[in-house]
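Notes to accompany the following structure.
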Amino acid sequence: MEFLMDAAGRGDVDTMQQVLEVTAENVDQVIAPFNTSALYVAAANGEVNAVIVLLKGQVEITFKDDLQ
Numbered sequence: 001m002e003f004l005m006d007a008a009g010r011g012d013v014d015t016m017q018q019v020l021e022v023t024a025e026n027v028d029q030v031i032a033p034f035n036t037s038a039l040y041v042a043a044a045n046g047e048v049n050a051v052i053v054l055l056k057g058q059v060e061i062t063f064k065d066d067l068q
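If you're matching positions, the sequence shown starts at 1 in UniProt numbering and goes up one per residue.
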């Protein structure tokens, strides 16, 4: 699921949509070391379109990472 997180950080919505079509069940996966999610990475990088794609993919919006 690192592909999704990397794509979210770059705002690469085409890649994100392809990944979500294949593995939508992992949309809420978190990655070490801070247990951040793709939604967090997209938002932190100001990638509004990536955030929209994730929200449409039913991403968990109440998740708290280790930074909170």
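Ideal Cβ placement from N, Cα and C applies to all residues, glycine included.
- Minimum Cα-Cα distance from residue 11 among the listed residues 54, 35, 22 and 23 corresponds to 54.
- By the CB criterion at 8 angstroms, residue 9 and residue 43 fall outside the cutoff.
- DSSP places residue 18 in the uninterrupted alpha helix (DSSP H) bounded by 13-23.
- Of the candidates 4, 56 and 48, the residue whose Cα lies closest to the Cα of residue 22 is 4.
- A Cβ-Cβ distance of about 5 angstroms is found for the pair residue 13 and residue 49, placing them in contact under the 8 angstroms criterion.
- Shortest Cα-Cα distance from residue 57 to any of 6, 16, 7 and 2 involves 16.
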